[in-house]
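Here is the structure we will look at, set down as structure tokens.
Next up, the structure:
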């Protein structure tokens, strides 16, 4: 997945802000942390290309291991259970949920090693055949890219709807 992670994260974060009163008061923080979580598994690209010279698939690095993300999620949920200040652990939960959704989206057409480090076997729901050069054209011309465009369109629609509401509220406040 190329462009779908941030819009998916945005949609998830907007939904969580609407449904969870604890985090609704901290919508900006939720959005920033959630969006960072939505792309965090891909931080391994820096290591892959700057240090490893692209010698292996970046989904093989621990930042793309579901075990890491589910362990972090479990730890933040435990923290949320014992913490007096609930906001920091719940921001951690949001970060982790977005990271896990990243892996789910990558599983659509990109290999994810769901059982790493125990089983070195990639999983993908669909495979993209390499027929075009450069390599990324194979992804852009695949039907799955339409799903990414749908995510982008939905995120833009939600953003526009939220901002229109905010502008109306600001104008009403100015009147009084």
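In the numbering used here, the protein residues as written are 131 to 306. Quick reminder that beta carbons are idealized off the backbone N, C-alpha and C, glycines included.
- A residue is called buried when at least 16 other Cβ atoms come within 10 angstroms of its Cβ; residue 179 does not meet this threshold and is exposed.
- CA-to-CA, the gap between residue 193 and residue 296 works out to about 36 Å.
- Between the stretch 203-212 and the stretch 251-265 there are fewer than three inter-stretch CB-CB distances shorter than 8 Å, so the stretches are not counted as touching.
- Closest in C-alpha terms to residue 201, from the list 293, 146, 283 and 246, comes 246.
- Within the same chain, Cβ atoms closer than 6 Å to the Cβ of residue 221 are found at 163, the five residues on either side in sequence being excluded.
- Taken through DSSP and simplified to helix, strand or coil, residue 132 comes out as coil.
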